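Be aware that the sequence shown starts at 1, since it is given in UniProt numbering, and climbs by one per residue.
Below: one structure, written as structure tokens.
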Amino acid sequence: MQHLAFDAIIQITTVFKAIGNVKEYWSRRTQSEDMKVSKVSVAKPVELDFRLDDRSHRSIKTATLQFEKMSSNIGIRSFLWKEYGKAFIKQHRLHPDTYVQMAIQLADYKLHKRVAATYETASTRQFYHGRTETVNREFK
Numbered sequence: 001m002q003h004l005a006f007d008a009i010i011q012i013t014t015v016f017k018a019i020g021n022v023k024e025y026w027s028r029r030t031q032s033e034d035m036k037v038s039k040v041s042v043a044k045p046v047e048l049d050f051r052l053d054d055r056s057h058r059s060i061k062t063a064t065l066q067f068e069k070m071s072s073n074i075g076i077r078s079f080l081w082k083e084y085g086k087a088f089i090k091q092h093r094l095h096p097d098t099y100v101q102m103a104i105q106l107a108d109y110k111l112h113k114r115v116a117a118t119y120e121t122a123s124t125r126q127f128y129h130g131r132t133e134t135v136n137r138e139f140k
């Protein structure tokens, strides 16, 4: 299933490039140039008053209770991995995100003895007619 007509990596790269350009521009400006910038008038924010019917309020309450029930049953532990990092993974021609996703999949398989439900973007844009696809489990 293709979820978008383009790859999110392109957007991320574009945004990072734009941020870099803005930082570079402002790092070259002098204080006297900043004084020349004219002030722009911006309208004050207006509070939005949402009017919901009883059904919507009940749905929100039900969703909140379901979320609280599910989230109260989640245990998370984290640790700092010091054996190796991103440079080591890249040295072996792997992408760090891919490596971590595979580690998560392996851990889940070892824990539950089944392939986990997955929705992971697989970028093939560097190939002929490449595009964004998703990786998921399939049973045939």
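Glycine included, every Cβ here is placed at the ideal spot set by N, Cα and C.
All values reported here derive from a predicted model rather than from experimental measurement.
Taking just the CA atoms, how far does Lys39 sit from Asp49?
-> Asp49 and Lys39 have their alpha carbons spaced roughly 30 angstroms apart.
Rounded straight-line distance, which links the Cα of Thr98 to that of Ile104 | Their backbone Cα atoms lie some 10 angstroms apart in a straight line.
Following the continuous alpha helix (DSSP H) through Asp108, name the residue where it begins and the one where it ends.
-> Start and end: 96 to 112.
CA-to-CA distance, Phe67 to Ala117, given in whole angstroms | Straight-line measurement puts the Cα of Phe67 at about 20 angstroms from the Cα of Ala117.
DSSP state of Val15 mapped onto helix, strand, coil | Helix at Val15.
Anyone know if the C-beta pair for Lys82 and Pro96 falls short of 7 angstroms?
-> Not a contact, by the Cβ cut-off of 7 angstroms.
Express the C-alpha separation of Val15 and Asn21 in angstroms, rounding to a whole number.
-> Going by the C-alpha atoms only, they are around 10 angstroms apart.
Please look up how many angstroms separate the CB atoms of Val100 and Tyr109, rounded, as I've assumed it's under 8 angstroms.
-> With a Cβ gap of about 15 angstroms, Val100 and Tyr109 do not count as contacting.
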